[in-house]
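Visitor: There's a structure below that I have some questions on.
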Amino acid sequence: MTQTNKDILTILGTSIKLGESKEVNFDVANLHTSTSVNVPVIVERAKKSGPTVLFTAGIHGDEVNGVEIVRQLIAKGINKPKRGTIICMPVINVFGFINLKREFPDGRDLNRVFPGTPTGSLASRVAYKLTHDIIPHVDIIIDFHTGGSGRFNAPQLRFSKENTKLNDLAKAFGAPFVLYSKNLSKSFRTTCYKLGKSLLLFEGGKSFHIDDIVTNSGVNGCKRILKHLGMLNINFKAYAPKKNCVFIDESRWKRAKYSGMFKASVKIGDHVEKRDILGNITDPYGKFNYSVKAENSGYIINVNESPIVYQGDALFHISTKLH
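Under the working numbering, the sequence shown has 8 at position 8, and the numbering climbs by one with no breaks.
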């Protein structure tokens, strides 16, 4: 079979034909020691043409659970498609990953500098390169994130309610929850939306932590998406989720009324009723015990797992209106 120009993917200066597998380098800058930093981009192409799906993680360097999900996709061979192309970028912010920090060495949050500029800050240059050298080649992006500051997210997908074409993809993914949320200014998600690319943002777990339930939810969701697109390799099966996905229109944070030691008494994904006790705030001396109660009925989609909280800290994220 003769390969046409349409069948050849040229990415980061490397040409990849149908049926080929290659690892290319997303090179931006060296470390301050002059040591080169390789950010591998793993490209797997089937012999048969089809959609191009990009799996990304590590936009925030401390969100390792997403990195683990994409790692498993590669290690298990799930990223070898039956048709089309799968691109994996397990660690985009490799500088933060090396230093176990959310931000880049320049202190900037990569997810707030898109689409970036070629002469700006280090984070901005990475955003620009991702926007101009990777995104134009893909059709669908699944971007993996976690909660931060000790707050544990239930496995969930996020996208704007106006982007209705993502509803079918979200149902195919089968995460426990979909949280409709507005596109944030200068975020990766907003940039992809403006470029007409379909992006599902997956949130699950918390920073500096790998959770098996969250990881399994992410990996199985990816298999379902690939099956939905006719791309899943015949060596794998995509089982339907045990429960239907809950679509959430609105939600609110329950915040700490007092500072103290905190312990939650409900679990991620639980459905609670108004005035149910969600947890307790106490003091170290056994003189104070405050019960945190739900202000409305809904699903618990985030729990603060920090043992110490301050007045005003976010304790629980609770759905208020279902779709």
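Every residue, glycine too, gets a C-beta built ideally from N, C-alpha and C.
Sorted by chain position, which residues of the same chain lie with C-beta nearer than 7 Å to Lys171's C-beta, five sequence neighbours on each side aside?
Guide: Around Lys171: Cys245.
Visitor: So what does DSSP say about Ala46, is it helix, strand or coil?
Guide: If DSSP states are grouped into helix, strand and coil, Ala46 belongs with coil.
Visitor: Arg252 and Ile318 look like a contact to me (Cβ under 8 Å); what is the Cβ gap, rounded to whole Å?
Guide: Right, their Cβ atoms sit about 6 Å apart.
Visitor: Skipping 5 residues on each side, what residues in its chain have a beta carbon closer than 6 Å to that of Glu20?
Guide: Within the same chain, Glu20 has close Cβ partners Arg45.
Visitor: Look at the alpha carbon of Phe159 and the alpha carbon of Tyr290, and state the distance between them as a whole number of angstroms.
Guide: Going from the Cα of Phe159 to the Cα of Tyr290 covers about 36 Å.
Visitor: So the beta strand (DSSP E) Asn289 belongs to, where does it begin and stop?
Guide: First-last of the beta strand (DSSP E) with Asn289: 289–293.
Visitor: Quick one: measure Cβ to Cβ for Cys88 and Ile74, integer angstroms, because I've assumed they're closer than 8 Å.
Guide: Yes, they are in contact, since the Cβ atoms of Cys88 and Ile74 sit about 6 Å apart, within 8 Å.
Visitor: Could you pull the start and end residues of the alpha helix (DSSP H) that Ser124 belongs to?
Guide: Residues 122–129.
Visitor: Alpha carbon to alpha carbon, how far is Asn183 from Leu195? Give it in angstroms, no decimals.
Guide: For Leu195 and Asn183, the distance between alpha carbons rounds to 13 Å.
Visitor: Does Ala256 come out as helix, strand or coil in the three-state DSSP assignment?
Guide: In this structure, Ala256 counts as coil in the three-state DSSP scheme.
Visitor: Going by DSSP in three states, Ile87 sits in which element: helix, strand or coil?
Guide: Here Ile87 sits in strand by DSSP.
Visitor: On the three-state DSSP scale, how would you describe Val214?
Guide: Correct three-state label for Val214: helix.
Visitor: Would Pro155 and Ser207 be called neighbours here (beta carbons separated by less than 8 Å)?
Guide: Their beta carbons are not under 8 Å apart, which means Pro155 does not touch Ser207 by this criterion.
Visitor: Would you be able to state if there are at least three C-beta pairs under 8 Å between the region 99–107 and the region 172–191?
Guide: In short, these stretches do not touch, since the Cβ pair count stays below three.
Visitor: Using C-beta distances below 7 Å, list every residue in its chain close to Asn163, excluding the 5 sequence neighbours before and after it, in chain order.
Guide: Cβ within range, chain order: Tyr193.
Visitor: Just to check my reading of the structure: Gly58 and Pro90 have Cβ atoms closer than 8 Å, yes? What is that Cβ distance to the nearest angstrom?
Guide: With a Cβ gap of about 6 Å, Gly58 and Pro90 count as contacting.
Visitor: In terms of residues, what are the limits of the beta strand (DSSP E) holding Asn280?
Guide: Residues 277–282.
Visitor: Here's the rule: buried if 16 or more other CB atoms are within 10 angstroms of the residue's CB, otherwise exposed. What is His60?
Guide: Result: buried.
Visitor: When you compare only the Cα positions, how much space is there between Val272 and Val303?
Guide: Distance between the alpha carbons of Val272 and Val303 is about 13 Å.
Visitor: Rounded to a whole number of angstroms, what is the C-alpha to C-alpha distance between Val53 and Ile141?
Guide: Each residue's Cα considered, the two are about 6 Å apart.
Visitor: Just to confirm my understanding: we take Lys293, look at its own chain, exclude 5 residues before and 5 after, and list those with CB closer than 7 Å. What are they?
Guide: Excluding positions up to five away in sequence, the list reads Arg275, Asp276, Ile277, Leu278.
Visitor: Apart from the five residues just before and just after Thr2, which ones in its own chain have a Cβ nearer than 8 Å to its Cβ?
Guide: The pLDDT assigned to Thr2 is 43, lower than 50, so where the model puts this residue is not dependable; a value taken from the coordinates is nonetheless given after this. Nothing meets the Cβ criterion.
Visitor: What did DSSP end up calling Asn163 once you bin it into helix, strand or coil?
Guide: If DSSP states are grouped into helix, strand and coil, Asn163 belongs with coil.
Visitor: Express the C-alpha separation of Ser259 and Leu224 in angstroms, rounding to a whole number.
Guide: Reading off the sequence shown, one finds Arg at residue 224, where the question assumed Leu. Those two C-alpha atoms are separated by around 43 Å.
Visitor: How is Arg112 classed by DSSP in three states: helix, strand or coil?
Guide: Arg112 falls in the helix class under three-state DSSP.
Visitor: Residue range of the alpha helix (DSSP H) that Gly66 falls in?
Guide: Note, Gly66: alpha helix (DSSP H), 64–75.
Visitor: Helix, strand or coil for Thr2, going by three-state DSSP, please let me know.
Guide: At Thr2 the pLDDT is 43, less than 50, meaning the model places this residue with poor confidence and gives no usable figure here.
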